[in-house]
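**Student:**
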Amino acid sequence: MEISFTLNGERVVVTVDPSDRLLDTLRESLGLKGTKEGCGEGECGACTVIFDGLPVNSCLIPTYQSRGHVVETIESVSPDELTALHSSGATQCGACSPGVVMTALWVRRNPELLSTHNLREVMAGNLCRCTGYDGIIDGLKGWLDEDGGRRGGGPAAETETRRVSP
Amino acid sequence: MSILLPETISEACHLLATHHGAIPVAGGTDLFVHWPQKIEDRGKTFLDLSGIEELKGHRWTGDELILGALSTFWDIIKDLRAQIELPLLLGAARQVGAIQIQTRGTWAGNIMNASPAADGVAVLMAYDAVVRLQSQAGTEEIPLSEFYLGYKAMRRDPGQVLTEIRVPRRGYDFQMFEKVGARAAQAITKVGVAVTRRGEEWRVVANSVAPTVCRCPTLESFLATGQPVRGPHDLVVPLRDDVAPIDDIRSTARYRETVLARLLYFGLRDECPCFA
Numbered sequence: 001m002e003i004s005f006t007l008n009g010e011r012v013v014v015t016v017d018p019s020d021r022l023l024d025t026l027r028e029s030l031g032l033k034g035t036k037e038g039c040g041e042g043e044c045g046a047c048t049v050i051f052d053g054l055p056v057n058s059c060l061i062p063t064y065q066s067r068g069h070v071v072e073t074i075e076s077v078s079p080d081e082l083t084a085l086h087s088s089g090a091t092q093c094g095a096c097s098p099g100v101v102m103t104a105l106w107v108r109r110n111p112e113l114l115s116t117h118n119l120r121e122v123m124a125g126n127l128c129r130c131t132g133y134d135g136i137i138d139g140l141k142g143w144l145d146e147d148g149g150r151r152g153g154g155p156a157a158e159t160e161t162r163r164v165s166p
Numbered sequence: 167m168s169i170l171l172p173e174t175i176s177e178a179c180h181l182l183a184t185h186h187g188a189i190p191v192a193g194g195t196d197l198f199v200h201w202p203q204k205i206e207d208r209g210k211t212f213l214d215l216s217g218i219e220e221l222k223g224h225r226w227t228g229d230e231l232i233l234g235a236l237s238t239f240w241d242i243i244k245d246l247r248a249q250i251e252l253p254l255l256l257g258a259a260r261q262v263g264a265i266q267i268q269t270r271g272t273w274a275g276n277i278m279n280a281s282p283a284a285d286g287v288a289v290l291m292a293y294d295a296v297v298r299l300q301s302q303a304g305t306e307e308i309p310l311s312e313f314y315l316g317y318k319a320m321r322r323d324p325g326q327v328l329t330e331i332r333v334p335r336r337g338y339d340f341q342m343f344e345k346v347g348a349r350a351a352q353a354i355t356k357v358g359v360a361v362t363r364r365g366e367e368w369r370v371v372a373n374s375v376a377p378t379v380c381r382c383p384t385l386e387s388f389l390a391t392g393q394p395v396r397g398p399h400d401l402v403v404p405l406r407d408d409v410a411p412i413d414d415i416r417s418t419a420r421y422r423e424t425v426l427a428r429l430l431y432f433g434l435r436d437e438c439p440c441f442a
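Top to bottom, those sequences are chains A and B. Taking our numbering, the leading residue of the first sequence gets 1, the next gets one more, and so forth. Taking our numbering, the leading residue of the second sequence gets 167, the next gets one more, and so forth.
(1) Looking at chain A, is there any beta carbon in it that lies within less than 7 Å of the beta carbon of S281/B?
(2) Going along chain A in order, which residues have a C-beta closer than 7 Å to the C-beta of M291/B?
(3) Relative to the C-alpha of H185/B, which residue among D196/B, K345/B, K210/B is closest?
(4) Does DSSP put R435/B in a helix, in a strand, or in coil?
(5) Does the pairing of the region 57-65 of chain A with the region 261-275 of chain B give three or more beta-carbon distances under 8 Å?
(6) Is it buried or exposed, G152/A, if we count other Cβ atoms within 10 angstroms and call 16 or more buried?
(7) When the cut-off is 7 Å and only beta carbons count, does S115/A lie next to chain B?
(8) Using Cβ-Cβ distances below 7 Å, what residues of the region 1-31 of chain A are close to chain B?
(9) Can you list, in chain order, the residues of its chain with a C-beta nearer than 6 Å to that of S165/A? Leave out the 5 residues immediately preceding and following it.
(10) Give the interface partners of P111/A over in chain B, defined as CB-CB distance under 7 Å, in chain order.
(11) Return helix, strand or coil for G234/B, following the three-state DSSP convention.
(12) So, does the region 355-363 of chain B touch the region 410-422 of chain B, judging by three or more C-beta pairs under 8 Å?
(13) With a threshold of 16 other CB atoms inside 10 Å of the CB of L315/B, please say whether the residue is buried or exposed.
(14) For V379/B and C47/A, I'd like the C-alpha separation in whole angstroms.
(15) Which residues of the region 222-234 of chain B have a Cβ closer than 9 Å to any Cβ of chain A? Give them in chain order.
(16) M278/B CB to nearest chain A CB: under 7 Å?
(17) What are the residues of the region 337-355 of chain B that lie near chain A, defined by any Cβ-Cβ distance shorter than 8 Å?
(18) Strictly below 7 Å CB to CB, what residues from chain B border E204/A?
(19) Kindly indicate if chain A contains any beta-carbon less than 7 Å away from that of T195/B.
(20) How would you list, in chain order, the residues of chain B whose beta-carbon sits under 8 Å from the beta-carbon of Y133/A?
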């Protein structure tokens with residue numbers, strides 16, 4: 001079947017089999033190898049892309065479900081934007097990094113999330129076996145601080161909201 | 167493997183009637199795990215509901231919250247009214263997988279996947295939710311607490327599609343949901359329990375301790391009679407009528423029984439004057 005969707009701001013038309021996963025279409029048909037496959041079962045978050053403004057695991061989405069939707073991948077992010085993550089030790093082997101960056105980008109665009117969620121909860125769907133997560137959380141705090149509003153020696157962006165237990 | 171892509175509910179019902187055994191799919195976070203490599207899936211037909219506008223999102227009426235079959239956990243996490251009125255929905259939604267699952271996973275899918283560990287099912291059942299099924303023959307409503315017949319067995323015939331979940335809006339005197347898993351995110355429940363009370367009417371719903379998510383009617387009556395409870399062990403006896411935990415890869419029967427009794431005892435101690 002032939003489908004079209006918006007990928008990193010451009011309309012793409014691609015022929016897919018109903019069994020193709022978005023992850024494979026991005027990597028193989030469209031040549032965008034930045035998105036990684038980790039577990040293939042929605043646990044690790046390495047394949048995270050932003051789908052209609054929300055982070056999703058592209059390994060769990062059949063490509064045909066993207067018809068008419070808006071998909072953003074790591075290729076849409078300029079390396080120059082990522083200084084805070086580079087300098088905090090947010091990446092080591094790099095396998096999780098594209099997914100981490102996409103989730104972090106979503107948090108950065110939606111800072112209101114941090115009134116209900118803390119950074120560790122929003123990043124909990126991105127597993128990292130190298131850094132122990134502190135580098136990732138520090139990098140994300142630094143990235144959020146670049147946006148101003150939180151600058152000037154105020155408290156770090158992370159709010160210690162606990163997991164909800166009603 | 168083939169995919170059917172209906173755009174309306176009536177089209178979906180027609181396709182289910184003409185493609186016997188087609189499997190409805192909403193968010194795909196369960197059905198598409200390791201898909202399409204699963205050999206057993208290759209001959210199957212999936213009925214993908216994701217293009218049906220009528221099934222998207224949720225709405226509030228005067229006396230109900232109505233979750234469309236495509237309503238996601240994230241839809242409810244963002245809804246301030248749900249946080250205030252039906253906080254157990256929020257509590258469960260935030261503990262399902264992680265954000266990437268919450269943005270795609272649906273309440274209806276959680277019900278139809280029929281896992282005994284389903285957190286969303288436990289809280290919906292504690293709120294007396296009703297599922298609405300539709301087929302070419304018409305519609306049917308079934309209380310969620312009567313929907314499961316056994317492990318992965320449901321009162322749904324192959325021509326029916328779940329279209330919505332109706333949750334009554336009413337005040338509660340007490341409500342709690344507790345989940346125990348190996349870690350806070352991306353963990354399937356070892357033991358879970360949702361409790362609500364309105365006056366003397368209790369709902370106790372346990373997950374991961376029986377072949378299905380289940381109400382605990384013996385314990386509910388026990389609590390309503392106000393018998394003295396000296397410690398968690400006093401809850402084990404009525405619980406044994408209600409649940410049947412097993413040993414599996416995630417936990418043991420003994421752990422599950424012990425922890426369920428403790429979650430209930432420590433969760434209800436301040437609520438029940440008869441608890442020591």
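From the three backbone atoms N, C-alpha and C, an ideal C-beta is built for every residue, glycine too.
**Tutor:** Reading it off the structure:
(1) No, its Cβ sits nowhere closer than 7 Å to a Cβ of chain A.
(2) In chain order: nothing, as chain A lies at least about 16 Å away.
(3) Minimum Cα distance to H185/B is reached at K210/B.
(4) In the structure shown, R435/B sits in coil (DSSP, three-state: anything other than H, G, I, E or B).
(5) Contact between the region 57-65 of chain A and the region 261-275 of chain B is present: 3 or more CB-CB pairs across the two stretches fall below 8 Å.
(6) Because G152/A carries a pLDDT of 38, less than 50, the predicted location of this residue cannot be relied on, and no value is offered for it.
(7) No, S115/A lies away from the interface with chain B (no Cβ there is under 7 Å from its Cβ).
(8) Within the region 1-31 of chain A, the qualifying residues are P18, S19.
(9) Low per-residue confidence applies at S165/A: pLDDT is 41, beneath 50, and the placement is therefore not dependable enough to give any value.
(10) Per Cβ cutoff of 7 Å: no residues; P111/A is ~15 Å from chain B at best.
(11) Looking at G234/B - three-state DSSP - the assignment turns out to be strand.
(12) The region 355-363 of chain B, when compared against the region 410-422 of chain B, does touch it at the 8 Å Cβ threshold.
(13) The residue is exposed, with fewer than 16 neighbouring Cβ atoms inside 10 Å.
(14) About 31 Å.
(15) Along the region 222-234 of chain B, none of the residues has a CB nearer than 9 Å to a CB of chain A.
(16) So no, M278/B is outside the interface.
(17) So the list reads Q341, M342, F343, E344, A350, A351, Q352, given in the order they occur along the chain.
(18) Lying outside 1 to 166, the shown extent of chain A, residue 204/A is not represented and no answer is given.
(19) For T195/B, the answer is yes, since a Cβ of chain A falls inside 7 Å of its Cβ.
(20) In chain order: nothing, as chain B lies at least about 12 Å away.
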